[in-house]
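To start, the structure under review is shown below, and the notes come after it.
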Amino acid sequence: MAKLIIFAAAWLMVCVRPAAAQDFAEWLQQLEQEAISNRISPEVVHSALDYMVPDQQVVELDQKQPETTVTFEHYLHHVASAERIAEGRRLLSDNEDQLDEIADRYGVQPQIIVALWGIESSFGADSGHFSIVDSLATLAYEGRRADFFRGELFDALRILEAEKIEPSELRGSWAGAMGQCQFMPSTYLRYAVDYDQNGKRDIWESRTDVWASIANYLASEGWSPDLTWGREVELEYPIPADEIGLEHTLLLEDWGKKGVRSADGLPLPQKHLMASLIQPDGSDGRSFLVYDNYRALIRWNRSTYFATAVGLMADRIK
């Protein structure tokens, strides 16, 4: 432990929270004792944390603020590019049998699974290289949203213990999202699936585990196999601001009476469905009517940009 104290203190004096440099080793020891008191194996705790040093890159990424506001069209072009859609179509075709099997089991359409997989990690090509344990411990120590990241760190340690994973194998984004579907540790514990039945819920290397975990999440959050996510629409007349957003719902028929039409100008479908009108870029941008399935996407990522992009990409892949 002496090696830890000397190394961590020297590093912290030039990188993270200089005024608190003397406190890090003590903070880490307290964290380890708290983890053990939460019934996490001492062997796992010490193996993962004894020589942990805060990651300055994680601190910088967490504190970095965007300098410009990105429009929905710019965001959509980035996350659902023509190249990514083409790759999604190829992967959907190449893995049709397995995806259909998972879709039948969980009631989530294959194109939605593939779209989420593509946007989250570029179909597994970019799932992150950061140490999850080090990232979460850094964010817990840094102080901003410390309680949240402390809880996620303890869940990451539980994953190491339950799945017999080495700390070096637990890798993902700088903010703690893991694997090809970018689950936070708490999400992994609730929704990850060992679909290939090899004894490990492997969202890093097993595609079937990734696809089934995505489907299990959405199904658990209320996804209906009989519905799509929504549709783009045109407005004949302006809609009052207090009628726009997920908090306000009307039947499709009632939206039609307000001058809402399909994007091709035709009347809305004659279906008894509740829908909300959203405008990700405000009244000057595109408009969409979204159904209950959209809310499952919002629970995945609380961003209308993200949820709408997933729906549009899924439509293009299909």
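For the sequence shown, this note's numbering assigns the number 1 to the initial residue and increments by one for each residue that follows. Beta carbons: idealized from backbone N, C-alpha and C, even for Gly. None of these values were measured; they are calculated from a predicted model.
Following the DSSP letters along the chain, one finds Met274 inside the beta strand (DSSP E) bounded by residues Met274 to Ile278. Using a Cβ distance threshold of 9 Å, Leu139 and Ala146 count as a contacting pair.
The three-state reading of DSSP puts Ser186 in helix, counting H, G and I together. DSSP places Gly256 in no beta strand (DSSP E) but in the uninterrupted alpha helix (DSSP H) bounded by Leu252 to Lys257. Between Ala296 and Leu218, the gap from beta carbon to beta carbon is short of 9 Å.
Listed as beta-bridge partners of Phe288 by DSSP are Glu232 and Ile278.
About 18 Å separates the beta carbon of Gly282 from that of Tyr294, a gap too long to meet the 8 Å contact definition. Beta-bridge pairing by DSSP links Ser262 to Val233. Around the C-beta of Leu116, 16 or more other C-beta atoms lie within 10 Å, and the residue is accordingly described as buried.
A distance below 7 Å between beta-carbons, with the five flanking residues on each side excluded, links Ser47 to the following residues of its chain, in chain order: Pro167. Going by DSSP, Phe72 is part of the alpha helix (DSSP H) stretching over Phe72 to Val79. When the five nearest sequence neighbours on each side are left out, the beta carbons in the same chain lying within less than 8 Å of the beta carbon of Asp194 are those of Lys200, Arg201, Asp202 and Asp209, in order along the chain. Cβ atoms of Glu161 and Val44 come within 8 Å of each other, at about 5 Å.
Gln33 is classed as exposed because its beta carbon has fewer than 16 other beta carbons within 10 Å across all chains shown. A Cβ-Cβ distance of about 6 Å is found for the pair Leu28 and Leu49, placing them in contact under the 8 Å criterion. Going by DSSP, Val44 is part of the alpha helix (DSSP H) stretching over Pro42 to Leu49.
Going by beta carbons, Gln109 and Lys318 fall inside the 9 Å limit. For a cut-off of 8 Å, the C-beta gap from Gln56 to Ala314 is around 38 Å, too long to register as a contact. Pairing Glu73 with Glu83, the inter-Cα distance amounts to about 16 Å. Here Phe130 carries a strand assignment [DSSP, helix/strand/coil]. Secondary structure of Gly199 (DSSP, three-state): coil. The region 210-229 and the region 241-255 do not touch, with fewer than 3 CB-CB distances between them shorter than 8 Å. Taking C-alpha positions only, Ile85 is separated from Thr304 by approximately 20 Å. Classified as exposed, Tyr237 has fewer than 16 neighbouring CB atoms from the shown chains inside 10 Å of its CB. Exposed is the label assigned to Leu266, since fewer than 16 other Cβ atoms lie within 10 Å of its Cβ. In this chain, the alpha helix (DSSP H) harbouring Gln56 covers Gln56 to Gln63. Under the DSSP definition of a beta bridge, Met178 partners with Gly172 and Phe183.
In this model, Leu277 and Pro269 are separated by some 15 Å (Cα to Cα). Around the beta carbon of Arg207, a 10 Å sphere encloses 16 or more other beta carbons of the protein chains shown; the residue is thus reported as buried. According to the DSSP assignment, Val108 belongs to no alpha helix (DSSP H), since it is labelled neither H nor E. Glu205: not part of any alpha helix (DSSP H); DSSP gives it neither H nor E. Here Gly230 is actually not in contact with Phe306; their C-beta atoms are around 14 Å apart, not less than 8 Å.
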